[in-house]
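According to full-length UniProt numbering, the sequence shown is numbered sequentially starting from 1. In this text, a Cβ means the ideal position worked out from N, Cα and C, and glycines have one as well. Quick caveat, the model's predicted, so the values are computed rather than measured. Here is the structure we will look at.
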Amino acid sequence: MSFASRRVGVMGGTFDPIHHGHLVAASEVAAKFALDEVVFVPTGRPWQKHAREVTHPEHRYLMTVIATASNPRFTVSRVDIDRPGETYTIDTLRDLREVYGEGTELFFITGADALAQIITWKDVDELFSLAHFVGVTRPGHELSGAGIPTAGLSLLQIPALAISSTDCRERVEDDLPVWYLVPDGVVQYIAKHELYRSEHG
Ligand code: ATP
Ligand code: MG
């Protein structure tokens with residue numbers, strides 16, 4: 001039965017905004033791990049990011065929908081933004097297990113920076129029992145397995161795209177273009193809703 005199981009990647013993120021680094025990472029993992037689908041899961045209230053005000057979840061959700069709409073294998077889930085309270089990966093994976101059912105293998109896709117915090121995550125053993133973890137490279141963050149359980153974890157080199165949401169927000173604030181860093185529809189959505197205009201107060 002395992003040969004017939006559905007393989008679903010899970011790309012969690014704040015997506016404030018979603019950019020081509022996220023999309024290339026998802027696409028590469030999908031190709032390398034023969035995934036049937038990648039579900040993008042915008043966070044509710046991310047516990048790692050209390051330092052700054054995160055954009056309203058509905059804006060982040062809609063930008064994620066716009067960015068992924070043209071790819072038949074990409075979908076978006078509201079499980080994190082509809083769950084009250086802070087977002088923990090364990091809850092994301094438990095909810096997605098419910099949504100997708102027994103016949104699905106989950107692959108949680110995460111950058112080296114997020115992976116480095118894995119030991120601060122709750123219930124690390126259950127995390128690894130719910131999904132296979134795929135750590136992707138990202139410019140400025142070295143991948144290393146140090147301190148991280150290696151069973152159930154794969155590391156994957158992806159083409160370096162030195163794009164971050166932080167940089168995109170700062171560029172909008174500074175009146176610099178974000179064309180080609182984020183999908184066209186996301187450029188237009190940011191302008192339409194005047195997002196990121198007063199990031200520095
Ligand atoms: P911020 O600058 O606000 O932290 P971000 O660009 O890091 O935003 P997140 O939403 O925090 O974006 O990232 C979600 C996931 O995507 C994380 O696992 C992160 O490591 C990964 N990621 C982000 N940017 C890239 C990139 N350019 N290449 C590969 N992975 C990336
Ligand atoms: Mg980040």
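Short note on residue 164: C-beta closer than 6 Å to some heavy atom of the ligand ATP. The three-state reading of DSSP puts residue 66 in helix, counting H, G and I together. The distance from the Cβ of residue 136 to that of residue 156 is about 5 Å, consistent with a contact at the 8 Å cut-off. In this structure, the CA atom of residue 82 is about 33 Å from the CA atom of residue 176.
Counting other Cβ atoms within 10 Å of its Cβ, residue 36 stays below 16 and is therefore classed as exposed. In this structure, the straight-line span from the alpha carbon of residue 114 to that of residue 43 is close to 13 Å. Between residue 189 and residue 66, the C-beta gap is smaller than 7 Å, which places the two residues in contact. For residue 166, the three-state secondary structure derived from DSSP is helix.
Counting along the chain, residue 109 sits inside the beta strand (DSSP E) bounded by residues 104-111. At least one heavy atom of the ligand ATP falls within 6 Å of the beta-carbon of residue 22. 158 is the residue among 170, 158 and 191 whose C-alpha sits nearest the C-alpha of residue 27. Annotation: residue 15 to residue 24 spans about 14 Å, alpha carbon to alpha carbon.
Secondary-structure assignment with DSSP links residue 37 through a beta bridge to 8. Of the residues 29, 110 and 111, the one whose Cα lies closest to the Cα of residue 73 is 29. Between the region 98-108 and the region 50-62, the count of Cβ pairs shorter than 8 Å is below three; the stretches do not touch. With fewer than 16 other Cβ atoms inside 10 Å of its own Cβ, residue 31 counts as exposed. A direct Cα-to-Cα measurement between residue 62 and residue 69 gives close to 10 Å.
Here residue 42 carries a strand assignment [DSSP, helix/strand/coil].
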